[in-house]
Amino acid sequence: MRANDYFIIPISVAILITLLSVIITKRTLGSSKSAGGERTPPGPWKLPIIGNLHQLATGSSLPHRRLAELAQQYGPLMQLQLGEIPTVIVSSAEWAKEMRKIVAMELLGARRTKMLRPIMEEEMAKLVGLINTKPTINLTEMMLSLGNSITCRAAFGKIQKQEEVFLPFIKQFMKMLGGFSLVDLFPSSNLLRLLVANAAERKLKKVHSAADAIMETIINDRLAKRSSKKAAAGNDDEDLLGVLLNLKDTDDLGFTEIKAVILVSHISDTWTITVEWAMSELMKHPRVMEKAQREVRKVFNGKGSIDRLQYLQLVLKETLRLHPPGPLAIPRESKETVMVNGYKILAKTRVFVNLWAINRDPHHWTQPEVFEPERFLNSSVDFRGTDFHYLPFGAGRRMCPGMHYGLALAYLSLANLIYHFDWKLPHQMKPEDLDMSERFGIEVKRQKNLILIPAPYHPR
114 MRANDYFIIP ISVAILITLL SVIITKRTLG SSKSAGGERT PPGPWKLPII
164 GNLHQLATGS SLPHRRLAEL AQQYGPLMQL QLGEIPTVIV SSAEWAKEMR
214 KIVAMELLGA RRTKMLRPIM EEEMAKLVGL INTKPTINLT EMMLSLGNSI
264 TCRAAFGKIQ KQEEVFLPFI KQFMKMLGGF SLVDLFPSSN LLRLLVANAA
314 ERKLKKVHSA ADAIMETIIN DRLAKRSSKK AAAGNDDEDL LGVLLNLKDT
364 DDLGFTEIKA VILVSHISDT WTITVEWAMS ELMKHPRVME KAQREVRKVF
414 NGKGSIDRLQ YLQLVLKETL RLHPPGPLAI PRESKETVMV NGYKILAKTR
464 VFVNLWAINR DPHHWTQPEV FEPERFLNSS VDFRGTDFHY LPFGAGRRMC
514 PGMHYGLALA YLSLANLIYH FDWKLPHQMK PEDLDMSERF GIEVKRQKNL
564 ILIPAPYHPR
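Read in order, the letters of the sequence shown are residues 114 to 573 in the working numbering.
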């Protein structure tokens, strides 16, 4: 072989790769029209194999923020290729309305929330007492503990000893739900399935098995008490487990379904994150804190009802606009090819609605990045998903089932925190220096725990 041959082979390969890249690029750029001539939604250029994954890895670090940036360039209905999966991102109220389905029945509705009110108030009073004993508190950890206590009592009627073992598995389960798996993006890859999916599946089965055994023990204990002569008639019917066991006797409800509902009740404590973000915004905006605190103390000192706290409602609305519990609504996959506002959405396309982007859309909100509760004054916008430029809980059948429950808890907790205490940031930190960085997952939490200094309030 001549010396030049060593260069000819690499050059030939390079030319072949270049030609293939040109062909693929043409196909990629030309894919905005289907074989039938209909347009598919616009989107950024994509690479072979990985599609648009490289574009999600640049810019801002969190997916919902990066998707919002791309939507500014490519429009409110945008198509990406995430590995092998065609994906449509909806970042506009008008386009989200096109996707709307009939609102589902709530898992934890208004009537159920009213029944649980005494439990909420008792656990909140305990938290206030605990804060009174601390010079500095980790509000993040305290809210998590409060959420666990209320959820446990709502589900089982009292704090179960098994909860100490159960809750770590719930945390692990939530972490796995918010995780990222290459197998989801390349489902046809047997190698990835072998290397990644099998390990993840084993881990999930281990967590499920442990949680299932604990729930089995709790259910069996309750059944034993029910059959015992010592059981007081009807005293367990108000907690979630009692209600589910009653349904088992009257409806077609099995133990598997009962366990599933209990599990869902334990992983839906997004309201604690909302309270944490609300307190963060109040600490960063002293004017708003002072106004909200003045209202709460005036109403409570006058023995007024919590329902009269109108400004606090605005604070909560604005918090949920900027910090929706789940920034990306649970994805759905189109079963068949459909047309949406002139664009063709192919079958098997995964559809995400970017609630975070919709809630900050400058076409609907003045200064959308600014925390300003007054923007909701004299506004009919509510939480129910009927106003498609404000979707903190989503809309349609995938709307957050615990909305009423979560709002009631967030409202009660926030009112008590700003009534009973004046608050300062540690280390003489200025409000504008408070770190508001996010940590992405199935829920968007603060990157750093919220550490505050409480000063008990004593009404005159």
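Yeah, the Cβ is synthetic: ideal placement off N, Cα and C, and Gly gets one too. Quantities reported herein were computed from a predicted structural model and do not represent experimental measurements.
Could you compute how far the alpha carbon of residue i sits from the alpha carbon of residue j?
| i | j | result |
| --- | --- | --- |
| His540 | Ser493 | 41 Å |
| Leu425 | Gly164 | 45 Å |
| Lys537 | Pro481 | 27 Å |
| Val483 | Asp500 | 20 Å |
| Met549 | Leu360 | 44 Å |
| Ala390 | Arg179 | In the sequence under discussion, the amino acid at residue 390 is Trp, which differs from the Ala named in the question. The alpha-carbon atoms of Trp390 and Arg179 are separated by roughly 21 Å. |
| Ile263 | Leu358 | 20 Å |
| Val464 | Leu429 | 28 Å |
| Lys558 | Ser340 | 44 Å |
| Gln423 | Leu395 | 16 Å |
| Tyr503 | Arg434 | 7 Å |
| Pro544 | Ser393 | 9 Å |
| Arg552 | Ala337 | 43 Å |
| Val356 | Asp495 | 30 Å |
| Leu490 | Arg421 | 15 Å |
| Pro444 | Arg573 | 52 Å |
| Glu449 | Thr330 | 44 Å |
| Glu182 | Phe269 | 45 Å |
| Leu525 | Leu376 | 24 Å |
| Asp352 | Met328 | 15 Å |
| Lys318 | Val374 | 18 Å |
| Thr141 | Gly196 | Residue placement at Thr141 is poorly supported in this model, since its pLDDT is 40, which falls under 50; the coordinates still yield a value, given next. Thr141 and Gly196: Cα-Cα distance of roughly 14 Å. |
| Glu556 | Arg152 | 34 Å |
| Ile332 | Leu527 | 33 Å |
| Ala209 | Pro505 | Here the model assigns Ala209 a pLDDT of 47, short of 50, so the residue's position is not dependable and the matter cannot be decided. |
| Val451 | Leu160 | 26 Å |
| Ile458 | Thr200 | 9 Å |
Identify which residue in the options has its Cα closest to the Cα of residue i.
| i | options | result |
| --- | --- | --- |
| Gly439 | Leu468, Gln480, Gln426 | Leu468 |
| Ala523 | Gly196, Val388, Glu370, Asp500 | Val388 |
| Val453 | Glu182, Gln185, Gln192 | Gln192 |
| Leu189 | Leu166, Tyr570, Pro154, Glu446 | According to the sequence as given, residue 189 is Pro; it is not Leu. The shortest Cα separation from Pro189 among Leu166, Tyr570, Pro154, Glu446 belongs to Pro154. |
| Asn529 | Gln168, Leu166, Arg152, Ala238 | Ala238 |
| Gly519 | Gly260, Thr200, Leu160, Arg152 | Gly260 |
| Leu547 | Gln186, Lys404, Lys561 | Lys561 |
| Leu441 | Val466, His398, Val451, Asp325 | Val466 |
| Met402 | Leu166, Lys159, Arg152, Phe534 | Phe534 |
| Tyr187 | Pro199, Gly156, Leu160, Leu169 | Gly156 |
| Met542 | Tyr532, Ile458, Pro399, Arg410 | Pro399 |
| Lys397 | Glu485, Lys159, Phe506, Ile371 | Glu485 |
| Ile419 | Ile386, Tyr532, Arg315, Trp158 | Tyr532 |
| Ala324 | Leu354, Arg335, Leu304, Lys372 | Lys372 |
Is residue i helix, strand or coil by DSSP?
| i | result |
| --- | --- |
| Arg413 | Sequence inspection shows Phe at residue 413; the Arg mentioned does not correspond to that position. Helix. |
| Pro569 | strand |
| Phe79 | The shown model of the chain, from 114 to 573, leaves out residue 79, and the question about it has no answer. |
| Arg213 | Only weak support exists for where Arg213 lies, its pLDDT of 38 falling under 50; the coordinates are left without a value. |
| Asn359 | helix |
| Lys480 | Looking at the sequence provided, one finds Gln at residue 480 rather than Lys. Of the three classes helix, strand and coil, the one that applies to Gln480 here is coil, per DSSP. |
| Met328 | helix |
| Pro199 | strand |
| Lys537 | strand |
| Lys558 | strand |
| Leu160 | strand |
| Lys448 | coil |
| Glu551 | strand |
By a C-beta neighbour count over all protein chains shown, 10 Å radius and 16 as the cutoff for buried, is residue i buried or exposed?
| i | result |
| --- | --- |
| Trp384 | buried |
| Tyr456 | buried |
| Thr432 | buried |
| Met516 | buried |
| Gly367 | exposed |
| Thr369 | exposed |
| Tyr570 | exposed |
| Glu408 | buried |
| Met228 | exposed |
| Gly242 | exposed |
| Gln194 | buried |
| Ala88 | Because the chain here runs from 114 to 573, residue 88 falls outside it and cannot be looked at. |
| Ile162 | exposed |
| Arg266 | buried |
| Glu487 | exposed |
| Glu236 | buried |
| His405 | First, the amino acid is wrong: residue 405 is Ala here, not His. With 16 or more other Cβ atoms within 10 Å, it is buried. |
| Pro437 | buried |
| Ala69 | One cannot answer for residue 69 here, as it falls past the ends of the chain, which runs 114 to 573. |
Would a check of beta-carbon distances place residue i closer than 8 Å to chain B?
| i | result |
| --- | --- |
| Met452 | Judged by its chain identifiers, the structure shown contains no chain B, having just a single protein chain. |
Taking 8 Å as the cut-off, does the segment 247–256 touch the segment 230–239 (at least 3 CB pairs, one atom from each stretch)?
no
Problem set entry | At least three beta-carbon pairs within less than 8 Å, the segment 234–251 to the segment 558–569 | yes
- Below 8 Å, can you find three or more Cβ-Cβ pairs linking the segment 462–479 to the segment 412–421? no
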